[in-house]
Structures are given as C-alpha cells and as structure tokens.
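Report on the structure given below.
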Amino acid sequence: MATTSTKCERDGSIQSPGAARRSSPLRYLLFSLLFHLLFTVSIFDIYFTSPVVHPTKRYSLKDSIDGEPVDADIKAPADRLVLIVGDGLRADTLYKEHPPSMLPDWAKKDLQQSSADAYPWTSALKVEKQLEKSSIDTSKPPGPFFAAPHLRNIALNRGTWGISHTRVPTESRPGHVALIAGMYEDVSAVTKGWKLNPVDFDSLMNVSTHAYTFGSPDILPMFAKGAEPGRVDMWMYNEAAEDFTKDATHLDLWVLHRLEELFDAARSNHTLAAELKRPGNVFFLHLLGLDTTGHTYRPHSPEYVGNLIVVDAITRRVEELFTDFFQEEDQEESRTAFIFSADHGMSTKGNHGDGEPDNTRTPIVAWGSGLRGPRTVAWDEPQGAVQLARRAKEEETDAYYDDWKGLEMLDREDIEQADVTALMATLLALPLPANSEGRLPLGFVHVIPEVAARAMLANALEVLEIYRVKDQQRRDRLLRYAPFHKLHDREEPDALPGAREIAMIKNQIKAYRFKASMDSSNVLIDVALEGAKYLQTYDWLLLVSIITAGYLGSILYGVIHLLRSHALTSSEAEMIDHSSARSGVLSLGNLLAGSTLALFCAKFFAEQAPLTYYAYVASTALLWSRVIDQRRVIRYVWTKATRKDSLSVARRLAILFIFLIAALELIVFGYLQRYAWSLGFFILGFGWPFSALDDAQRSKNEGLLLLWGLSCVGAALFTLAGVEKEESLLLLGFTGLLFMAAGVAAVRYPGIFLAAKETTTTKGQREDPMMRRTQHVIKAQTALIAVSTTVTLSSSYHLQNKLGLPLVNQIIGWGVLCSATTLPFLFGFQRGEHRQPAAQRLAIIIFAAAPLFILLSLRDEALFFGVYTLTLLIWAKMEGAVLEEKVVKARNAGHLTGSLALPRTVGLEEVRTALVFLFLLHVGFFGTGNIASISSFYLSPVYRLIPVFAPFTMAALLILKILVPFIVLCSVFHFLCTGQPSGRVLGTYRPGEEGQLAGPPLFGPHAIGGLGLESSHGLVLIASIAADVLALNFLFSVQTSGAWLEIGRSITHFAMANLLIVFMFGLSAIAEALY
1 MATTSTKCER DGSIQSPGAA RRSSPLRYLL FSLLFHLLFT VSIFDIYFTS
51 PVVHPTKRYS LKDSIDGEPV DADIKAPADR LVLIVGDGLR ADTLYKEHPP
101 SMLPDWAKKD LQQSSADAYP WTSALKVEKQ LEKSSIDTSK PPGPFFAAPH
151 LRNIALNRGT WGISHTRVPT ESRPGHVALI AGMYEDVSAV TKGWKLNPVD
201 FDSLMNVSTH AYTFGSPDIL PMFAKGAEPG RVDMWMYNEA AEDFTKDATH
251 LDLWVLHRLE ELFDAARSNH TLAAELKRPG NVFFLHLLGL DTTGHTYRPH
301 SPEYVGNLIV VDAITRRVEE LFTDFFQEED QEESRTAFIF SADHGMSTKG
351 NHGDGEPDNT RTPIVAWGSG LRGPRTVAWD EPQGAVQLAR RAKEEETDAY
401 YDDWKGLEML DREDIEQADV TALMATLLAL PLPANSEGRL PLGFVHVIPE
451 VAARAMLANA LEVLEIYRVK DQQRRDRLLR YAPFHKLHDR EEPDALPGAR
501 EIAMIKNQIK AYRFKASMDS SNVLIDVALE GAKYLQTYDW LLLVSIITAG
551 YLGSILYGVI HLLRSHALTS SEAEMIDHSS ARSGVLSLGN LLAGSTLALF
601 CAKFFAEQAP LTYYAYVAST ALLWSRVIDQ RRVIRYVWTK ATRKDSLSVA
651 RRLAILFIFL IAALELIVFG YLQRYAWSLG FFILGFGWPF SALDDAQRSK
701 NEGLLLLWGL SCVGAALFTL AGVEKEESLL LLGFTGLLFM AAGVAAVRYP
751 GIFLAAKETT TTKGQREDPM MRRTQHVIKA QTALIAVSTT VTLSSSYHLQ
801 NKLGLPLVNQ IIGWGVLCSA TTLPFLFGFQ RGEHRQPAAQ RLAIIIFAAA
851 PLFILLSLRD EALFFGVYTL TLLIWAKMEG AVLEEKVVKA RNAGHLTGSL
901 ALPRTVGLEE VRTALVFLFL LHVGFFGTGN IASISSFYLS PVYRLIPVFA
951 PFTMAALLIL KILVPFIVLC SVFHFLCTGQ PSGRVLGTYR PGEEGQLAGP
1001 PLFGPHAIGG LGLESSHGLV LIASIAADVL ALNFLFSVQT SGAWLEIGRS
1051 ITHFAMANLL IVFMFGLSAI AEALY
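Position one of the sequence shown corresponds to residue 1 (the UniProt record's numbering), numbered consecutively onward.
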C-alpha cells in the first residue's frame, strides 16, 4: 500500500486506497437532477417572460379623437375578409418558375392541352388524379411552368405581393396565432400544450361579426376556444384523414367542398344568406395538404409542387364562389378582401420548427376591396433604389430567389407575420386583438389618408396599451421601480405612459397632417414594443446573477462530492468533520445561506414575484451552504497533494485546467459548426496517442493505434458530411448486411468476441455456462436485423412509389421494434450466480439496438451507428492500454511493487477520460447529421411505422432513436470503468509470456482490460461538472434579438447542455442496471 501511495503521489493523482464512499451518491444525484431541470427553464424567466396581458381597451380606426367621430361617409374598406392559409408553403415555390421535372404526371396533360391565355390546371380540382403515362403526349414535352398561375396573375395585375417573415418556433400553432391574433408564440408556455394554444388569447375571430372556419382539427379549435359562443363556426375533417402515405390534396379539396356546400345551402336558406352577407364576417380556409406532402416528399418534389397547383386552383375557385354569391350585394364593386399566406415555410429536408430562413419566409398575396394593386418599383427614387439593390444582392447570394420571373420590377412588400392581423382588422374596421404586436403594412392598403392615419393611431394605441398594462403591473408590485425612460414623462410623472405622444398624433390628424401622424404612430409603435421588451426582461440582472451563482455552486459542490467520495478515507473524512468549528443547523454555511435566502424571500414576497424566483434562490442557497460547510475538503486535499512538491502539482493542475477549457470550448463550437467534431476526432485519433505513450509503448500497440486512428477518421467523415440527406435503399441494405455479418462473426468466434476475462483456472477449464445462451440470443438478434432490413427496404419502396404502407409491413415493423427492445433483455440477460460476463451483455445491448436504427434510418444513420459503436469499443481498449502501459512503466521503474489495489480510485488522468466521454456523448447526437435545432430530424423513416399524423408517437420514436447511441455509449463506458484490468496491470503475467515488444491481444480472455474502478459514477460526475461549464457558457449566449435562427438555436443550446447532464446520470443508472 505504501508503494502504491508513492506511485500515486508521483503521478499527481488524487486517489487513496480504501477511499470511503461516505457521501451518498443518491442524494447528490437527485438534487443535481432537480437543480438542472429547474435551471433549464430559468431562461424563460430571464429572457422570455410571457408577453400575454389582458388589456380591457380595444381600438379601431372608427374610434373618436377627443369626442370627434370619424366622418360618417367613411366606412370599412371591406365588408368581408377571406383568409386562405397554405400550411407549410415556401415563398419561392409559389413565385418561381419550375423546371419540367417538377411537374407531376397528372398535370402534364393539362399543360400540354392548355392554351396560352387559359388557366392550365383543369384537372387540379379532381379528387382522383391518377393518370396513365401512356396518355401523355411524349412528342410534346412540357416546358418550364408556374405552379400558381392564378396567384401570380393577381400579384402581376390586381393585388400586392411580398414575403411574410415568421418567427420561431415555425410550427402551425404559433404561425396561425401570429397571423390571426398578431401575437407571437408565448415561449413560456411551450410545455403546456400541443394542439390547443395553452394561453388564452384574443384574435380577429373574437372581434369579427361572425367567423366561418374550414380545415384541420389541429388549428380551428384554437380560435373557437374562448370566443363568444356561436361566433365561430367550424368545419373539420377527422384526424385520421391526415395520412402521410396518401395524396394529401384531398384534405384541401375537402375544405373547398364544404365551402361550396355552405353557399349552396345559403341560396335556399334566407336566414343563412343574411348572416353570410353581414359586414365584418371572416372566412378562414386552412389548407393542410402542402405541409403533409412536404413532410413526406420534401418541398423540392413533384408532389409538393403538384399540391401547390391544387391550392392555386382552389384559390381561384374560392374567388369565383364569393364573386358569384355576393355579386348582387356588392353591386358594381366587390366588397370582399382576400389574403393568401402561409403559417410557416419548410426546409429542404421536409421539416420545420426552427429559424432556418426556408422555414421563416412565407408568401403573402392580397387583393380585393381596400387593397392596392401592383406598383412598379420607382428606381429613380431613393426608396425604390434601395429595394432594387437589396433584391439584386439577394439574387446574387441566395438561390432561393432564382427564377422569380416577371416580378423583378414589381414592388415587393415584406412584412412581419403579425402584421397580417393589423391589416385584416383595418380592412374590416374591427378593433385590434389584445396583445397584437403587428404593425399595419401601409403598402398593402388602398384607403384615403385620413383612414390610414386613424388606422395607424389605433394600431399605436393598442400596442401602447400592452406596455401600459405591464407598466402598471410593475408599479403595483415592485418596491423600487424604474419605468422605461422613453415613455416616462418626467414633467408629469402621474401621466399615462405615452400620453404626450398620443396627444401629438391626434393634433396632427386634426390638422390634416396625415403623413406626419403616420410617421409618429410608427415611431410610437417601435418605442412601445421596446418598452414592453424592457419590462419583460426587467429582472434580467437579478435573475442571471442568481442563476450564475447557482451554477458556480453546483460546480464546486460537485468537486467536493467527488473528493469526499473518491479521495478521502473514512478516517480522513471524520477528521475533517470533527475539525469543523460548528456543524448542523447553526453551521456557517447554513447561517449565511439562510440569511441570504430570507432577505430574497422577503423581497419576492413584497413584490409578488413568481414562485420560480423562490426556487432559484433556494437552490442556489442550498448549494452554497453545502460548499461553505464542506470547504475544508478542498483545503485538505490540496494540502495533501502539495505536501512534497506544490509547484509541480500546481503546474499539472494549470495544464489540466487549460486542457479542460480548450476541450469544452471545442464542444461549444461544435454546436455551431459540425466540423468541430471532426477536429476533435483528429486530436483524439492522432494527438492523444503521441502525448500519452512513448515510442516503445506505441510500438507495442501498433495494431490498436492503427484501429483507433482508422475508427476516428471514419467517425470524423460523418461529422464532415452535410445534414441534407436523401433516402438510399442501397446504403440501408448494405448496412443491414454489415450488422448481420458482425452477428455471424460473434456467434462463430465466441472465444474472441464473447469470452470472459482470464481466470485462475487451467486451460482445460469447462466452457463458460452462459456462452451458449448468449450465442442463441445473438442468433435471434441477427435474424431480427435481417427482418428489419427486409421490411425497411420493402416499406421504403412502397412509400417512394406512393403505393401506401402495407399493413403487413407496419405490423412486422412494430413487431421488430418491440421484440428488439424487450426480448433480448427478458430472455438473454441472466441474473444472480448465472450472470453473463460483461462482454456478452454488451454484445446483446449492441445487437438489440441495430434493428431499431435500421428501421428508423433514412440513409447513413445506421452505418454511423455501427462506426460509432466500433469507435467506442476501440476507445475502451485504448483507455485500458494507456493505463496498462503507465502501470508497467511504473513497475519497471521501481515505483510500484506487487499488485495494484482494486478497485482503483479516480485520479487526475480520469479527468481526460471523462472529457472524452462527454465529447463522444455529443457526437452520438450530432454525428447522425443533426444540428442543434428542433427540426434537425427526418420524419420520413417514421412513416414506415406510423403513416398517419400522430405527433406524440412520432416524437417518441425520434427520441428513442436519439437515445440509442447514448445507451450504447454508457454501456461501453460502464464496461470500461468497472472492467478488471489485464494481468499486466495486476502483475499476474509470468515473465516471458509476452515478447519484448509484443503488446497485449485485443480480443479473447487475455485482452486489454478496463480501468478497474468501483463504478462509473466518479467519471460521470466529472463529465457533469464540465457540462455545467457548457450550460453557464450558453446561459450568457441566449439571444433575444436579431436573426430568429440564432434566437432559436441559442435556446436549444442551453436546454441541451442541461438535459445532457440529466442523460448522463440517467443513462449511467440504466447501464449499471443492465450490467
């Protein structure tokens, strides 16, 4: 034991044989889990508090100005409004000219037979569009075409067009709320609901005379909930109709047919007709087909373009229906306003949700009553010249704007999505919904200047009212309050915020200075929104200080727990406890933390702060009370480690700290740039062996180093590849064959791949009693891999050819999934005295994951899983080899005699091992082609198991796919940490058993062993401490302004850093249970 201690002091480790596990890991783990789950949601209190308030006042352009009503001759610009939403429509798909390859077969004949002036898509409104290819005239191939000629014709000749910019999350629910309520997603409510909006909100439907809505059951109920009973009528199809494997245009045609039935019924029902003709009615048509088709076939496909053709034809037919029905009512001039837009776009891989520009850019076309016609860009005017220069730059740098032919010189109105609400309310002269952040886009409306000025005033008043309500709430509850300086009148402190600005605007309108009043209203809207943001983040400095202190406390508490559990003996821990001046309730830590907590709680109680504020302070105080009370642990370990050579230990710790920060910054960079993971593999594959082993040691392990370098290069290739993928049946089949070959090899050569570690018995010992059972299990798993490969190829073929998912394939797929994840563990794992060796259990775990990954892979994800698993296994061998070489070197130098005490305890060398584990944990997520965003996963493979829309089941399958590499990593990591070192470490090899330069075998009972630790808890704890540094880094990187792509990603980064800590603890427990 003395010699071992000498060795430990020499290599700077902080281990001590016989270390006591005094600190209960369960208590620490539970508290750490609760802490990180709580602090994950802290950014919503810090940066994204709920914007929803409940103003009682509503404003419209008909409101009076100081008792003077609007001129009686001025009426609403339109009597009714039709909103058509093409769910998931990209702006470029609508505006651009498409190549012939994008034309679906059923539309080719339409295009060939159409004349130049006629509408081409005569078959678009047919429910069944299947067409024999023989009926297409191949001698007259179609040329380039526009998928939406009717909407383009409106943009060119009758209406206004542009791009509507959405915000994250680019999902259907928040997109429609922004369009119809003018309110962006309440991010503080993301966990409260999925389909129905979890927050009560006002919308255009609530203030309309009556609303007639048609479409998806996922969207319509949002706007009926909370509205006056009977105000909103809904026509919805069944959720089962949303089948991703079938033609989704039938959903859109269903909406059209219900609208036709409504008008047909009104022609014979005078009461219904009178209701339809009342001013202020809103008609909402939600067309879901594009979103469903885009998920299945991607947006750059004939199916997606064909669905847009159907949507364009539906829009044309809807306009005809309204013109015919209201012709007599409107007499000479139509009084109907039409707006066509989308709730969100779609990425090239068929997903949406994050702030990728393809997801945030949607089309908007507006025409009809109260809306202006097309306008040529005035290139000789400053504003026009700026627009043309901006669009020219867009065309040069972004292929998204290619082939927008015919629109180059037309004025393009770009707006924010919430502006559509203000536009619709103005057209119908309705009050703006409460919490509406939209701004009336004056470039769309065609009204007299007074109406425009009054509409902008109403817009400014509504946005200002949001600030006023929030301002009053702060004044009522805060002990000390600093109002937003731009809206606070110091000369009249009791005046309402913005009162002076409102008075000025009203005076400008009275003086017929309409242009000046509109400019002033625009400025006031900007200031009011800035003020609302100021109030939303009013507690930023206080909260971010508390959260930062909490993370620092978590890091220090983790270090102390690590030292107590892995560096101190029982007697040393007791000595430290007895040396404390005071312990228990009246300890210094409890007194300081308790008094600080009491002060904060008194403040929060007086200010009626949210309950989460108390939780943040309580967690932070509890952490620091433990750190203060146990500070002597750090002092004792430091004194013990520096007893002989403090300068050397300090130098080693400084180098380790620099390495730690550099490695963590590389991981942080990997969240932004995928090639950072490839750089990490290059460092691990070629830098680490040269720094950890000398020339003689590398010569002994040439084979292992070659395998390690090749595996790192192979894994690095995946992280260098792009994230865009196309389905490849050939690659899926090849990957299945590789896994089957691996299964056959494991069964055929069990002594190499499945043998237990060496024992003290002779070479003639009997066969491992569990070997045969394990072989049978792996045979069954190999058969499951074959079945999963076959059914995956079959299902993919049927889906690619639009044949639908065969029921037998769906049943087999679910059967394989359930069997692979349950049966091997129920019948393959043995407990008690018949427990298999760790190598056999690890093989069962790996082969259990293979069928699942093949089922849910699109292209190379399953191949990545195989390379990733191989890299993990070789990494475990590398770690064992490095330990063995260090121990052998120490023994040869006389610094270590006898056998090494087991179990080993954690030393400074294990810090690097824990960091590599953290790195590989991230690679398990990013390596399959994902990016750190909420829409980085392909949905297509899920359709092989569930073809209809079921968000929770689909999400569960994706999460299962994400977790599989983590489970395998933690299993290998547990195997590495707890695996018994080989005889070279234990000193059981006889002299001459190995050649002078011959390294240990890689496989078999005499192969390189593990680290000989008691458990993996210590290394997982080190990784979790390092992950706290990541979370603290991302806490200060959260963005609340700028590009929405960056805002969404910054939120995701912080959440991932905290959740990965949860994963490490949870999956480590699973891995321990599996062993």
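The beta-carbon is built from N, C-alpha and C at its ideal position, and this holds for glycine as well. These numbers were taken from a predicted model, which means no experiment stands behind them.
Express the C-alpha separation of residue j and residue i in angstroms, rounding to a whole number.
i	j	result
residue 941	residue 855	7 Å
residue 574	residue 1020	26 Å
residue 887	residue 973	21 Å
residue 846	residue 29	27 Å
residue 816	residue 784	7 Å
residue 1059	residue 37	7 Å
residue 628	residue 598	18 Å
residue 174	residue 184	6 Å
residue 126	residue 527	51 Å
residue 189	residue 48	Residue placement at residue 189 is flagged as unreliable, the pLDDT there being 49, under the threshold of 50; a coordinate-derived value is accordingly withheld.
residue 519	residue 465	19 Å
residue 678	residue 667	11 Å
residue 134	residue 152	A caution first: residue 134 carries a pLDDT of 45, below 50, which makes its placement in the model unreliable, though a value can still be read off. Answer to the nearest angstrom: the Cα atoms are 31 Å apart.
Along the chain, where does the beta strand (DSSP E) that runs through residue i open and close?
i	result
residue 363	361 to 368
residue 235	232 to 236
residue 558	First-last for residue 558: 540 to 566, but that is the alpha helix (DSSP H), not the beta strand (DSSP E).
residue 80	80 to 86
residue 241	Segment: none, residue 241 is in no beta strand (DSSP E) and carries neither H nor E.
residue 292	Residue 292 -> not in any beta strand (DSSP E); alpha helix (DSSP H) instead, spanning 289 to 297.
residue 415	413 to 416
residue 683	Neither: residue 683 is in no beta strand (DSSP E) and is coded neither H nor E.
residue 215	210 to 215
Spatial neighbours of residue i within its chain, please: C-beta separation below 6 Å, excluding the five flanking residues on both sides.
i	result
residue 411	375, 377
residue 203	180, 181, 223, 433
residue 76	428, 429
Using a Cβ-Cβ cutoff of less than 8 Å, which residues in the same chain neighbour residue i once the five nearest sequence positions on both sides are dropped?
i	result
residue 809	791, 794, 795, 798, 944
residue 479	603, 606, 607
residue 674	719, 720, 723, 926, 931
residue 543	42, 45, 46, 613, 616
residue 733	789, 793
How should residue i be labelled, buried or exposed, when 16 other C-beta atoms within 10 angstroms of its C-beta is the threshold for buried?
i	result
residue 54	exposed
residue 402	exposed
residue 1036	exposed
residue 78	buried
residue 954	buried
residue 291	buried
residue 472	exposed
Return the first residue and the last residue of the alpha helix (DSSP H) that residue i is part of.
i	result
residue 534	514 to 536
residue 636	631 to 641
residue 797	771 to 800
residue 161	Where residue 161 is concerned, there is no enclosing alpha helix (DSSP H), although the beta strand (DSSP E) it sits in stretches over 160 to 165.
residue 397	382 to 397
residue 736	729 to 748
Going by alpha carbons, who is nearest to residue i out of the options?
i	options	result
residue 297	906, 802, 839	802
residue 978	905, 347, 287	905
residue 392	409, 638, 675	409
residue 283	274, 292, 337	337
residue 88	287, 239, 610, 246	287
residue 470	517, 531, 424, 520	531
residue 1014	1051, 1072, 81, 248	1072
Looking only at its chain, what residues have a beta carbon closer than 7 Å to the beta carbon of residue i, apart from the 5 residues adjacent to it on each side?
i	result
residue 966	921, 924, 1063, 1067
residue 824	777, 781, 844, 848
residue 384	377, 378
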